[in-house]
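To start, the structure itself, in structure tokens.
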Amino acid sequence: MVRINEETERRLQRIAERRRIPPVPDLRFEYSYVRSVAPYVHIEHTPSAEAGADVLDKGKEKADVVEDSSAGEVPARAASYAGEVVRADWGRILWITTRDQVISPLVQGALWGVAGHFLRPLGAVLGTHIRAWWARGATRGKDVPEIEGNGVQWLRNWMGTILSAGVPTASHSLQVR
């Protein structure tokens with residue numbers, strides 16, 4: 062069993078602290094839609110006529126908790142409301158819903174469709190150039206000794222620098238012939 066000295070342990074702790082990832086935001090549609098619609102929906106609580114008499118009965122306050130058969134115990138302030146009046150600006154809500162559910166996906170799909178006509182050939186050309194560079198210099202035959210292509214040489218040198226970075230006496234590049 063290998064024991065890690067305190068300095069290495071502190072260094073690993075600092076690295077772990079630096080790499081803390083922030084929480085992933087909640088990008089579900091409902092929350093953004095509710096936030097968009099919220100300014101156009103107004104809820105007004107209407108107090109009942111007897112609620113004022115219940116709370117202050119001859120100068121004495123009633124109990125802070127009122128029994129309600131449907132919700133169990135409810136604070137007296139919440140029980141004093143007789144109902145709610147909901148006002149909505151339906152024109153704005155309809156526009157936001159149409160914009161978020163119809164127009165935005167339609168525009169995104171159209172843009173991706175048009176972009177696909179340009180990106181697919183560009184990706185094919187780029188892939189061809191990378192494959193040609195990767196294999197350039199590589200020879201494979203019966204009479205010719207195998208020589209690695211540029212891509213494999215680059216990959217070996219890159220991995221060599223990564224693996225030999227922790228070893229101070231080793232060479233930082235590998236010679237591949």
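In this note's numbering, the protein residues as written are 62 to 238. Glycine included, each C-beta is placed from N, C-alpha and C at the ideal position. Remember, predicted model here, so these are calculated numbers, not experimental data.
- In this structure, the CA atom of R148 is about 11 Å from the CA atom of A99.
- The DSSP-derived three-state label of P84 is coil.
- Judged by DSSP in its simplified three-state form, A171 adopts helix.
- For W195, same chain residues with a beta-carbon under 7 Å away, outside a window of 5 residues either side, are G210, N211, G212 in chain order.
- With distances taken between CA atoms, V146 lies nearest to P108 out of P108, E91, V186, G177.
- Per DSSP, the continuous beta strand (DSSP E) segment holding E105 begins and ends at 102-108.
- In the structure shown, R71 adopts helical secondary structure according to DSSP, grouped into three states.
- The closest CA to that of Y94, considering only L172, R160, A226, is found on R160.
- DSSP places G144 within a strand segment (E or B) once states are collapsed to three.
- DSSP places A226 outside both helix and strand once states are collapsed to three, so it counts as coil.
- Within the same chain, V146 come within 6 Å of E105 by CB-CB distance, once the 5 residues on both sides are set aside.
- Cβ-Cβ distances below 8 Å link L187 to nothing in the same chain once the five nearest sequence neighbours on each side are left out.
- Rounded to whole angstroms, L167 and D87 show a C-alpha spacing of 23 Å.
- The beta carbons of S97 and I157 sit about 5 Å from each other, so the pair counts as a contact at 8 Å.
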